[in-house]
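Enquirer: Take a look at the following structure, please.
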Amino acid sequence: MCGIVGYIGDKEAGQVLINGLRRLEYRGYDSAGVSLTNGDELCVVKRPGKVAALSQAVQEEPGSLRQHRVGVAHTRWATHGPPTQVNAHPHLDRSGRIAMVHNGIIENYRDIRAHLEQKGHAFDSETDSEVLAHLIGDYYQGNLLEAVCAALQKVEGTFGIAVICQDEPDQVIAARRGSPIVIGVGKNECVVASDAAAVVAVTQQVIYLDDNDVAIVTPGAVDIRDLNNVPVNREISELEWSDTSAELGGFEHFMLKEIHEQPDSIRNAIRGRMDFDNGTAVLSGLGTTPREISEVQRAIIVGCGTSMNAGMVGEYAFENFADMPTEVEQAAEFRYRNPIIKASDFVLAISQSGETADTLAAVREAIQKGAWVSGICNVVGSTIARETGRGIYLHAGPEISVASTKAFTCQVAVLLMIALKFGRCGRLSCTKGREIAKAIESLPMLVEQVLERNDIIAKEAEKWVETDHAFFIGRGYQFPVALEGALKLKEISYIHAEGYHAAELKHGPIALLESGIPVVALVNEAPGKEKTIGNAHECAARGARIVGLITEGDTETAALMDSVIEIPKCPDYVAPVPMAVALQLLSYHVARLRGCAIDQPRNLAKSVTVE
Ligand code: G6P
Numbered sequence: 001m002c003g004i005v006g007y008i009g010d011k012e013a014g015q016v017l018i019n020g021l022r023r024l025e026y027r028g029y030d031s032a033g034v035s036l037t038n039g040d041e042l043c044v045v046k047r048p049g050k051v052a053a054l055s056q057a058v059q060e061e062p063g064s065l066r067q068h069r070v071g072v073a074h075t076r077w078a079t080h081g082p083p084t085q086v087n088a089h090p091h092l093d094r095s096g097r098i099a100m101v102h103n104g105i106i107e108n109y110r111d112i113r114a115h116l117e118q119k120g121h122a123f124d125s126e127t128d129s130e131v132l133a134h135l136i137g138d139y140y141q142g143n144l145l146e147a148v149c150a151a152l153q154k155v156e157g158t159f160g161i162a163v164i165c166q167d168e169p170d171q172v173i174a175a176r177r178g179s180p181i182v183i184g185v186g187k188n189e190c191v192v193a194s195d196a197a198a199v200v201a202v203t204q205q206v207i208y209l210d211d212n213d214v215a216i217v218t219p220g221a222v223d224i225r226d227l228n229n230v231p232v233n234r235e236i237s238e239l240e241w242s243d244t245s246a247e248l249g250g251f252e253h254f255m256l257k258e259i260h261e262q263p264d265s266i267r268n269a270i271r272g273r274m275d276f277d278n279g280t281a282v283l284s285g286l287g288t289t290p291r292e293i294s295e296v297q298r299a300i301i302v303g304c305g306t307s308m309n310a311g312m313v314g315e316y317a318f319e320n321f322a323d324m325p326t327e328v329e330q331a332a333e334f335r336y337r338n339p340i341i342k343a344s345d346f347v348l349a350i351s352q353s354g355e356t357a358d359t360l361a362a363v364r365e366a367i368q369k370g371a372w373v374s375g376i377c378n379v380v381g382s383t384i385a386r387e388t389g390r391g392i393y394l395h396a397g398p399e400i401s402v403a404s405t406k407a408f409t410c411q412v413a414v415l416l417m418i419a420l421k422f423g424r425c426g427r428l429s430c431t432k433g434r435e436i437a438k439a440i441e442s443l444p445m446l447v448e449q450v451l452e453r454n455d456i457i458a459k460e461a462e463k464w465v466e467t468d469h470a471f472f473i474g475r476g477y478q479f480p481v482a483l484e485g486a487l488k489l490k491e492i493s494y495i496h497a498e499g500y501h502a503a504e505l506k507h508g509p510i511a512l513l514e515s516g517i518p519v520v521a522l523v524n525e526a527p528g529k530e531k532t533i534g535n536a537h538e539c540a541a542r543g544a545r546i547v548g549l550i551t552e553g554d555t556e557t558a559a560l561m562d563s564v565i566e567i568p569k570c571p572d573y574v575a576p577v578p579m580a581v582a583l584q585l586l587s588y589h590v591a592r593l594r595g596c597a598i599d600q601p602r603n604l605a606k607s608v609t610v611e
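Quick note on numbering: the working numbering labels position 591 of the sequence shown as 591, and the sequence is numbered without any gaps.
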């Protein structure tokens, strides 16, 4: 979603800001802009479309602009008003001397706008953000910090902002409520950003703002206050990512790179967390004792998109390994339906970014109701990771492609480990625990074997180029993988794809089948395999083309399919990982052959920070 970069220091701000925006491109956006000041002038350049268009426009500006040392910049993902130049950020106040970039949504902007219009303000754009810029200007009496604090006390909703003022060119003011802001503190320079990816090129030393923090950012120093201008202390931490981790490294797309990183990312996710002697997992991040675990009555897993699909795999593992009644819920629904939550409930929030608005709200609701809440996040220091206070990091490294791949497989690996630990605090035997631990340990190798089949999968993809509709079916552990396979395909190839429980197809979707429509059947060695094969046949009888994801060497099943992709032999509870990798590769090759924008699909955002 929207991206913020601000800079103050001894370098040319325009260049640093454009570079920062490029590193945020992966989040998904549709227009971009930058504002710079040197005290004598404040200029704004905005463009619909890509950062490259903005960069070109900045290059064409007079040389003096490019030498300014302070500025703010933005990539916008349209919410209020279409992605036009006028709706792009930065927005100016009425005087044209204050420029602001904003992530989030100002919910009471209509009231504020009406109030300001009565005072004579006129607005150029349809955005809620321009209203906030005007409100700051309306309060401005020579002190930007005070004006920002006064304005933010009036707004309802969420914001991450960075503001500059022509009359105070020696600072950037940043603030947050609900939308992340991280500040990189370098030598004689600071970068403000909505995402650490825009900071790593300058420094690894960062400060994360908390809700209602306002920061006065000067070259090499940050002074943080609350909205009443009272100083607060925030620690400096070190980023885990290096500058090169957000580069393509010879791959054509980040998605392909991240698919191939999975053996290593899963190794990182399980490293030091397996106890083979006792057949369990060591997860100190959960911050709990076996006794506390044994008192948990129910697990509730919340998340959105791919993270929710991973959560569904977790549900099967919690029930099978730990006899734990488990529910998986879409986070947006959970937050609003006043769920029944007890102190004996274990609520597990799954989020790659750790910033998804609905998942964060679900976390707050569960904490409020007294449950034990933990997070599974990838981004270190993200809001969900910090607010849950305990949980497990994936350590998958930055995931740049909008379509999630390595986060999914690491989430599944971590969920299997948590389920194993819960099981071993209950009735799961040491022998069975060791068997599961060994299977989890084999995940990187299983993924490597699927990656070796890349060429076969690419060949299968050639048959999909003209496809308009596709179905994915599975049972048990492979049901969520069917959902994830369909999600991946539609996200990046724009083919209409649906995932169903194999038995559910007959209850409606089968009416859609026509000659040649591919149905991907997930039929590894698992309970219900024969039934899924039967369901695939029902589809074939109606003209569908059946693509089987089958166990390596299963010639009998292969003979029943139109084409097959083999996955290595493994227990059904770890099979979601190699199965998902095969489907990631299939989606990737189909999208590539269809000429799609794989890493930044249309209309999608990497991290959805609005409801
Ligand atoms: C967006 C992304 C998905 C992701 C979902 C949840 O929709 O495009 O890839 O699965 O958000 O994101 P999270 O960061 O919470 O895992």
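Where a beta carbon is used, it is the ideal one built from N, C-alpha and C, also for glycine.
1) Any idea which residues DSSP pairs residue 281 with across the strands?
2) Any heavy atom of the ligand G6P closer than 7 Å to the Cβ of residue 402?
3) Tell me the rounded alpha-carbon separation between residue 419 and residue 446.
4) Would DSSP call residue 100 helix, strand or coil?
5) Sorted by chain position, which residues of the same chain lie with C-beta nearer than 6 Å to residue 347's C-beta, five sequence neighbours on each side aside?
6) Could you name the residues of the same chain whose beta carbon sits closer than 7 Å to that of residue 107, not counting the 5 residues immediately before and after it, in chain order?
7) State the CB to CB distance for the pair residue 431 and residue 285, rounded to an integer number of angstroms; the pair is presumed to be in contact (CB under 8 Å).
8) Return the chain-ordered list of same chain residues with a C-beta closer than 8 Å to the C-beta of residue 304, the five sequence neighbours on each side being excluded.
9) CB-CB under 6 Å to residue 109, same chain, minus the five flanking residues each way: which ones, in chain order?
10) Leaving aside the five residues before and after residue 646 along the sequence, list all residues of the same chain whose C-beta is less than 7 Å from its C-beta, in chain order.
11) List the whole-angstrom C-beta distance separating residue 266 from residue 413, where the pair is believed to meet the contact cut-off of C-beta under 8 Å.
12) Taking residue 289 as part of the beta strand (DSSP E), name the residues at either end of that continuous run.
13) Taking the DSSP output, what are the residues bridged to residue 43?
14) With C-beta atoms as the reference, is residue 522 less than 8 Å away from residue 584?
15) Taking 8 Å as the threshold, find out whether the stretch 539-548 comes into contact with the stretch 569-585 through three or more Cβ pairs.
16) Which whole-angstrom value describes the C-beta separation of residue 17 and residue 32, a residue pair presumed to lie in contact below a C-beta threshold of 8 Å?
17) Quick one: is residue 599 buried, meaning 16 or more other Cβ sit within 10 Å of its Cβ, or exposed?
18) What does DSSP give as the partner residues of residue 545 in its beta bridges?
19) Compute the Euclidean distance between the alpha carbons of residue 379 and residue 125, then round it to the nearest angstrom.
20) Can you look up residue 26 in the DSSP assignment and give me helix, strand or coil?
21) Would you kindly work out how many angstroms separate the C-alpha atoms of residue 341 and residue 219, rounded to a whole number?
22) Could you check where the beta strand (DSSP E) with residue 563 kicks off and where it finishes?
23) Can you tell me whether residue 372 is helix, strand or coil according to DSSP?
24) Please report the Cβ distance between residue 473 and residue 500, rounded to the nearest whole angstrom; I am assuming they are in contact, meaning their Cβ atoms lie under 8 Å.
25) Please tell me whether residue 426 and residue 322 are closer than 8 Å, where the distance is taken between their beta carbons.
Expert: According to the data block:
1) As a first step, residue 281 must be located in the sequence shown, where it is residue number 281. According to the DSSP secondary-structure assignment, residue 281 is paired through a beta bridge with 274.
2) On the sequence shown, residue 402 is found 402 positions in, with the first residue counted as 1. Yes, Cβ of residue 402 sits closer than 7 Å to a heavy atom of the ligand G6P.
3) Within the sequence shown, numbered from 1, the residue matching residue 419 stands at position 419. Within the sequence shown, numbered from 1, the residue matching residue 446 stands at position 446. Computed Cα separation, rounded: 20 Å.
4) Residue mapping note: residue 100 aligns to position 100 of the sequence shown, counting from 1. Strand.
5) Sequence index remark: in the sequence shown, residue 347 carries index 347 (1-based). Excluding residues within five positions, the ones whose Cβ falls inside 6 Å are 300, 366, 371 and 373.
6) Mapped onto the sequence shown, residue 107 falls at position 107. These residues qualify, in order along the chain: 156 and 157.
7) As a position in the sequence shown, residue 431 is number 431, starting the count at 1. As a position in the sequence shown, residue 285 is number 285, starting the count at 1. Going by Cβ atoms, the distance from residue 431 to residue 285 rounds to 27 Å, so no, they are not a contact pair.
8) If you number the sequence shown from 1, residue 304 lands on position 304. Within the same chain, residue 304 has close Cβ partners 330, 331, 332, 351, 356, 358, 359 and 608.
9) Numbered from 1 along the sequence shown, position 109 holds the residue referred to as residue 109. Within the same chain, 128 and 131 come within 6 Å of residue 109 by CB-CB distance, once the 5 residues on both sides are set aside.
10) A question about residue 646 goes unanswered here, because the residues of the chain that appear run from 1 up to 611.
11) Taking the sequence shown and counting its residues from 1, the one referred to as residue 266 is at position 266. Taking the sequence shown and counting its residues from 1, the one referred to as residue 413 is at position 413. Confirmed, Cβ separation roughly 5 Å.
12) The count along the sequence shown starts at 1 and reaches residue 289 at position 289. Under the DSSP assignment, residue 289 falls outside any beta strand (DSSP E); it carries neither an H nor an E label.
13) Here residue 43 corresponds to residue number 43 of the sequence shown, with the count starting at 1. The partner list for residue 43 (beta bridge, DSSP) reads 36.
14) Sequence index remark: in the sequence shown, residue 522 carries index 522 (1-based). Sequence index remark: in the sequence shown, residue 584 carries index 584 (1-based). No.
15) In short, these stretches do not touch, since the Cβ pair count stays below three.
16) The residue you call residue 17 lines up with position 17 of the sequence shown. The residue you call residue 32 lines up with position 32 of the sequence shown. Taking C-beta atoms under 8 Å as the contact rule, residue 17 and residue 32 fail to qualify, at a distance of about 10 Å.
17) Here residue 599 corresponds to residue number 599 of the sequence shown, with the count starting at 1. Buried, by the Cβ-count rule.
18) Sequence index remark: in the sequence shown, residue 545 carries index 545 (1-based). Residue pairing by DSSP places residue 545 opposite 518 in a beta bridge.
19) To locate residue 379, count along the sequence shown from 1; it is residue 379. To locate residue 125, count along the sequence shown from 1; it is residue 125. In a straight line, the C-alpha of residue 379 is about 34 Å away from that of residue 125.
20) Position 26 of the sequence shown holds residue 26. Helix, per DSSP.
21) Indexing the sequence shown from 1 puts residue 341 at position 341. Indexing the sequence shown from 1 puts residue 219 at position 219. The straight-line gap from Cα to Cα measures roughly 47 Å.
22) Stepping through the sequence shown from its first residue, residue 563 is reached at position 563. Counting along the chain, the beta strand (DSSP E) containing residue 563 begins and ends at 563-567.
23) On the sequence shown, position 372 is the one that residue 372 refers to. Strand.
24) Numbered from 1 along the sequence shown, position 473 holds the residue referred to as residue 473. Numbered from 1 along the sequence shown, position 500 holds the residue referred to as residue 500. Rounded to the nearest angstrom, the Cβ distance from residue 473 to residue 500 is 5 Å, consistent with a contact under 8 Å.
25) Residue 426 sits at position 426 when you count from the first residue of the sequence shown. Residue 322 sits at position 322 when you count from the first residue of the sequence shown. Result yes, Cβ atoms of residue 426 and residue 322 sit closer than 8 Å.
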